[in-house]
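Numbering (the working numbering), first residue to last: 18 to 356. Below: one structure, written as structure tokens.
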Amino acid sequence: MGKMTHYCGLIPLLFPRALTTLILTYSSVVTWTRATVIDSFTRTIIICVLVSATIYTYFKVISIGAGSPLDFEPLKVKNSEHAEVGLEFPPEFLSKKSVTLRQNGRYRYCATCGVWKPDRSHHCSSCNKCYLKRDHHCPWFSSCIGFNNQKFFVQFLMYSTLYSISIFIAATLQIVSWFRNQNYTTQYIDINLLVVWLLSTGASVSLFCFTGFSIYLLTKNQTTNELNASKYLNRDLEIFNESLGHSPQSVGNPFDLGSRYQNWCVVMGYTWREWLLPIKTDSQKKNRQSLDEKGLFYQLNSEVYSRLHESMFLQDQLMKRLSPRSSADLTHPLLSPGD
18 MGKMTHYCGL
28 IPLLFPRALT
38 TLILTYSSVV
48 TWTRATVIDS
58 FTRTIIICVL
68 VSATIYTYFK
78 VISIGAGSPL
88 DFEPLKVKNS
98 EHAEVGLEFP
108 PEFLSKKSVT
118 LRQNGRYRYC
128 ATCGVWKPDR
138 SHHCSSCNKC
148 YLKRDHHCPW
158 FSSCIGFNNQ
168 KFFVQFLMYS
178 TLYSISIFIA
188 ATLQIVSWFR
198 NQNYTTQYID
208 INLLVVWLLS
218 TGASVSLFCF
228 TGFSIYLLTK
238 NQTTNELNAS
248 KYLNRDLEIF
258 NESLGHSPQS
268 VGNPFDLGSR
278 YQNWCVVMGY
288 TWREWLLPIK
298 TDSQKKNRQS
308 LDEKGLFYQL
318 NSEVYSRLHE
328 SMFLQDQLMK
338 RLSPRSSADL
348 THPLLSPGD
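As structure tokens, this is what we get:
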């Protein structure tokens, strides 16, 4: 019974991954063998480059994961009751740079995971786990999109959109050729090609729209989760200011750096090579041994930063004066597992 339950639990995890792989493989084989109106070189480019890139980034998103606060030992809460009443605090490297607070004005933590939550981190009810810079839970991946895999997710969307449009064009040209040559008088239409045409039509439209939407949010440095909960983010910032006696005000998106190009580069990198290839950004490689580029804290809008930097420091000192000591100050450098 236990094994049966285990195997049944794997179905929702593996089914969408198997289905996605099957659709990509099926459409590529049909295009290669049936869309003969396109020269073989062009078909080879479509199959070898776009399909390979799409499948690679798809499984890269899954394998690398979104990243979780649980990956960092110093972020684990020692006593949830103490954290709830303000007798335990997050490590100083996090508390000094945290912008968002809970509704009661205390630092954010997850009682389920037992971990301090950096800015932009959220708990996923589907995965039952907290993720860094959580964007959304994607059913097609059976996993969450977040800090670690956001770049590869955007690249997957771009590759798959180009692939779907290419397949749509190839299938359309082949079907049009079939009608023009009046082949319908002697033979039935190729069912496999028609299925691929229908799939590529729906996929091209939906992927084009979703990719455009995702890039739009990326250039605003805003996640889907933050878009849906923007009013709560502003509420947290207002609580932060009110706790210090400042007049409450909505500051908009504090993570928007004021430039669409800069917002794009923070995630995708600063060179064409980083934009096009499914590789880590140069910034992540450069900061491999530091706390930067780990999804624990983020650059702020310069105007917001100048307004809140002093407030964050004073808030940190104020909260610690309520307790004789902080329970989680770091005395050693923090490295994520695998570094």
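Note that CB positions come from ideal geometry on N, CA and C, so glycine has one too.
Rounded separation between residue i and residue j - CA only
i, j, result
"L36", "P107", "42 Å"
"F110", "W292", "31 Å"
"A52", "V193", "11 Å"
"L179", "V68", "10 Å"
"C65", "R197", "30 Å"
"H76", "T203", "First, the amino acid is wrong: residue 76 is Phe here, not His. Looking at the two C-alpha atoms, the distance is approximately 44 Å."
"L31", "Q199", "44 Å"
"S177", "E101", "45 Å"
"I184", "V213", "8 Å"
"P156", "P33", "7 Å"
"C226", "A220", "10 Å"
"W46", "S159", "According to the sequence shown, residue 46 is Val rather than Trp. So the alpha carbons of these two residues sit roughly 25 Å apart."
"D299", "S307", "14 Å"
"H99", "M285", "39 Å"
"T74", "N166", "9 Å"
"K302", "V283", "13 Å"
"K297", "C144", "25 Å"
"L27", "E320", "47 Å"
"S80", "N304", "21 Å"
"F164", "A83", "5 Å"
"Y233", "S142", "26 Å"
"T50", "S247", "49 Å"
"Y126", "K113", "15 Å"
"T218", "S231", "20 Å"
"D346", "E90", "Unreliable placement is indicated for D346, whose pLDDT of 37 sits below 50; the coordinate value is still reported in the next sentence. About 12 Å."
"L224", "T129", "34 Å"
"W281", "Y201", "49 Å"
"I208", "W195", "13 Å"
"P29", "I182", "28 Å"
"Q279", "I55", "40 Å"
"R60", "L244", "40 Å"
"I186", "L210", "12 Å"
"A188", "V222", "15 Å"
"R119", "R290", "40 Å"
"S57", "L274", "46 Å"
"I40", "S276", "38 Å"
"H140", "A70", "30 Å"
"T288", "S97", "44 Å"
"D309", "T42", "39 Å"
For residue i, the three-state DSSP class (helix, strand or coil)
i, result
"C141", "strand"
"H349", "Residue placement at H349 is flagged as unreliable, the pLDDT there being 34, under the threshold of 50; the coordinate-derived value follows with that caveat. In the structure shown, H349 sits in coil (DSSP, three-state: anything other than H, G, I, E or B)."
"C130", "coil"
"L27", "helix"
"I148", "It is Tyr, not Ile, that sits at residue 148 in the sequence shown. Reduced to three states, the DSSP call for Y148 is strand."
"N242", "helix"
"F173", "helix"
"A187", "helix"
"V54", "coil"
"N198", "coil"
"S343", "At S343 the pLDDT is 39, less than 50, meaning the model places this residue with poor confidence and gives no usable figure here."
"F272", "coil"
"T33", "The residue asked about is misnamed: residue 33 is Pro in this sequence, not Thr. Correct three-state label for P33: helix."
"S115", "coil"
"N304", "coil"
"T48", "helix"
"K168", "helix"
"N280", "helix"
"F314", "coil"
"I206", "coil"
"D299", "helix"
"Y124", "coil"
"L294", "coil"
"T288", "coil"
Under 9 Å between C-beta atoms of residue i and residue j
i, j, result
"T236", "D152", "no"
"K168", "S85", "no"
"L190", "S44", "no"
"L92", "L313", "yes"
"V171", "G131", "no"
"T48", "I63", "yes"
"Y148", "S138", "yes"
"N242", "P271", "no"
"V78", "I206", "no"
"D88", "V116", "no"
"K5", "Y315", "Given a span of 18 to 356 for the chain in the structure shown, any question on residue 5 remains unanswerable."
"T228", "L174", "yes"
Beta bridge counterpart(s) of residue i as assigned by DSSP
i, result
"I162", "H153"
Heavy atom of the ligand PLP within 8 Å of residue i beta-carbon
i, result
"N242", "Questions concerning the ligand PLP fall outside what the structure shown contains, since it holds no ligand whatsoever."
Entirely within the region 60 to 106 and at least 4 residues each: give me those alpha helix (DSSP H) ranges in chain order.
As far as the region 60 to 106 is concerned, its whole alpha helix (DSSP H) runs of at least 4 residues are 69 to 81 and 97 to 102.
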